[in-house]
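Peer 1: In full-length UniProt numbering, the protein residues as written are 1 to 468. From the three backbone atoms N, C-alpha and C, an ideal C-beta is built for every residue, glycine too.
1) Going along the chain, which residues of its own chain have a beta-carbon closer than 7 Å to the beta-carbon of residue 350, five neighbours each way excluded?
2) Measure the CB-CB distance between residue 112 and residue 51 and report whether it falls below 9 Å.
3) On the premise that residue 73 lies in contact with residue 26, defined as a C-beta separation below 8 Å, what is that separation, rounded to the nearest angstrom?
4) Taking residue 244 as the reference, give the member of 419, 53, 68 with the closest Cα.
5) Would you give the residue range spanned by the alpha helix (DSSP H) that residue 248 belongs to?
6) Looking only at C-alpha atoms, which of 311, 156, 254, 327 sits nearest to residue 289?
7) Round the Cβ separation of residue 6 and residue 148 to the nearest angstrom and send it over; I've been treating them as touching at under 8 Å.
8) Looking at the secondary structure, which residues open and close the alpha helix (DSSP H) in which residue 147 lies?
9) Using C-beta distances below 6 Å, list every residue in its chain close to residue 201, excluding the 5 sequence neighbours before and after it, in chain order.
10) Going by beta carbon distance, what residues of the same chain come within less than 8 Å of residue 21, once the five residues before and after it are set aside?
11) Suppose only complete runs of 3+ residues qualify. What are the beta strand (DSSP E) ranges in the region 2-42, listed by chain order?
12) Could you give the uninterrupted runs of the beta strand (DSSP E) lying entirely in the region 160-227, keeping only those of 3 residues or more?
13) So, with DSSP's three-state summary, where would you put residue 428?
14) Helix, strand or coil for residue 107 per DSSP?
15) Going by DSSP, name the residue or residues bridged to residue 394.
16) Taking residue 291 as part of the alpha helix (DSSP H), name the residues at either end of that continuous run.
17) Rounding to the nearest angstrom, what Cα-Cα distance links residue 332 and residue 366 in this structure?
18) Quick one: what does DSSP say residue 130 is sitting in, helix, strand or coil?
19) Which stretch, first to last residue, makes up the beta strand (DSSP E) that contains residue 374?
20) Pairs of beta-carbons, one from the region 155-163 and one from the region 133-146, closer than 8 Å: are there three or more?
21) Considering Cα atoms alone, identify which of 369, 247, 360, 204 is closest to residue 227.
22) Name, in chain order, the residues that DSSP records as bridge partners for residue 46.
23) When the Cα atoms are used, what is the spatial distance from residue 276 to residue 234?
24) What does the alpha-carbon distance come out to for the pair residue 214 and residue 36?
25) Can you tell me whether residue 101 is buried or exposed? The criterion is at least 16 other CB atoms within 10 Å of its CB, across all chains shown.
26) Mind checking which residues open and close the alpha helix (DSSP H) that includes residue 315?
27) Within its chain, find whatever has a CB closer than 8 Å to the CB of residue 130; leave out the 5 residues flanking it on each side and keep chain order.
28) Can you name, in chain order, every residue of its own chain whose Cβ lies under 6 Å from the Cβ of residue 173, other than the five neighbours on each side?
29) Considering only DSSP beta bridges, list what residue 406 is partnered with.
30) With distances taken from CA atoms, which of 410, 259, 84, 31 is nearest residue 192?
31) Between which two residues does the alpha helix (DSSP H) containing residue 336 stretch?
32) Does DSSP put residue 96 in a helix, a strand or coil?
33) Is the beta carbon of residue 339 less than 9 Å from the beta carbon of residue 301?
34) At which residues does the alpha helix (DSSP H) containing residue 266 begin and terminate?
35) If contacts are defined as beta-carbon pairs under 8 Å, then residue 109 and residue 150 qualify, I think. What distance do you get, rounded to the angstrom?
36) Can you have a look at residue 106 and say buried or exposed, based on whether 16 or more other CB atoms are within 10 angstroms of its CB?
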């Protein structure tokens, strides 16, 4: 069974957190959010954690942040509901500032690295908790830099998802790092704050089906087994994070199950495999319809294209859907075909415009009740961040959730770490299904055995030597 992880010691805060303002005057206006930004599904902060071996001068970090906030001034503003529509959000660009907290923790970078495979609840100490009445009262950018006993540091950032997507968070963090390390040079990409490129049409024209969303749950069916709220089921139980690292050779094993008739990307193979393993672990009714939702960037798919540096959410959710029986009963190829189809469905301007128009309806909800949601962090360059003292030893989320993350692996461009929280009762089963395909392949070859543990897995030969 999974062992509970060690708790981190408490943080010591030598000073009160401060607000970092843009260091020159910025436009004072109200920024409307697009319908893609303004989804209820995105009303949270993306929380990143970085571990660095050497600390960066804190005054230099703060000064560079004040400089970068001149370009990224919406991050120094505050969210509020629109005066015209109480269901819509906008950004009051008032230069109020980002919250910056300094702390110390009695731990070394090496000790943290030992624990870094899976987040646990005690990691939350690494990000200053803002006491707020509502989500709107939390500054869009909150940073905590925690100095460590060894001279290293942990940097945690919380960036409001309504303001930008993963590409935008990466662009901002790289700009901040760039200015910290090179105070005299401008960042390579400037942010573009015009959001009218994703404005809905008047009148709205919904010309495609959008199975990602549901308006009301129609629960009139006689067979209640086809209407299980999986999300509620998951959240009613104690959850534990599972973390599995797939190297390039692992993903080649997976793809081999789809050839020769189907060529697929690493994402398609791993997404289908993760979805299938997750559904298999849940013991659901064979007739239940299940969905996979995953982020697809539309920045290059619109006509005209969204400008480079566009600072907002430039993704939509692809949606694959099938029954439990068909997903679990068929081989991996079936799931991969569904993921590919879902990707190609969202792959054009008309579809995205239709979705933007549909989102004018504020009663709309993303259908999370029977979906696995996968967010792709592995190809955003997040692990390359360097504030002038070297790249991070570890990069990942601050917390783990029922949403699945595909994470970068520091030092291995081709590897992907899959992190998702599941009920304690299903964790071993999920990890078994995720890694079982390797055992089968190796047993067929007869020369390897498979070793799995809660910290991801690897393949060994009979002498215990790593072979991948």
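Peer 2: Inspection of the coordinates gives the following:
1) Contacts found: 207.
2) Yes, Cβ-Cβ distance for residue 112 and residue 51 is below 9 Å.
3) Residue 26 to residue 73, Cβ: 4 Å. Contact.
4) 419
5) 248-256
6) 327
7) Not a contact, Cβ separation roughly 15 Å.
8) Here residue 147 belongs to no alpha helix (DSSP H); instead the beta strand (DSSP E) covers 141-148.
9) Beyond the five residues adjoining it in sequence on each side, residue 201 comes within less than 6 Å, by CB distance, of 357 in the same chain, given in chain order.
10) Apart from sequence neighbours up to five positions away, the residues of its chain that approach residue 21 with a beta-carbon distance below 8 Å are 66, 69, 76, 95, 96, 97, ordered along the chain.
11) 18-20, 29-32
12) none
13) In the three-state reduction of the DSSP assignment, residue 428 falls in the helix class.
14) It is coil, neither helix nor strand.
15) 51
16) No alpha helix (DSSP H) contains residue 291, which is instead part of the beta strand (DSSP E) from 289-297.
17) Their backbone Cα atoms lie some 26 Å apart in a straight line.
18) coil
19) 371-376
20) yes
21) 369
22) BP columns for residue 46 point to 159.
23) 16 Å
24) 16 Å
25) buried
26) Premise fails: residue 315 lies in the beta strand (DSSP E), 315-323, not in any alpha helix (DSSP H).
27) 99, 137, 138, 139, 142
28) 385
29) 376, 418
30) 31
31) 332-345
32) coil
33) no
34) 266-281
35) 5 Å
36) Counting of Cβ neighbours within 10 angstroms places residue 106 among the exposed residues, the total staying below 16.
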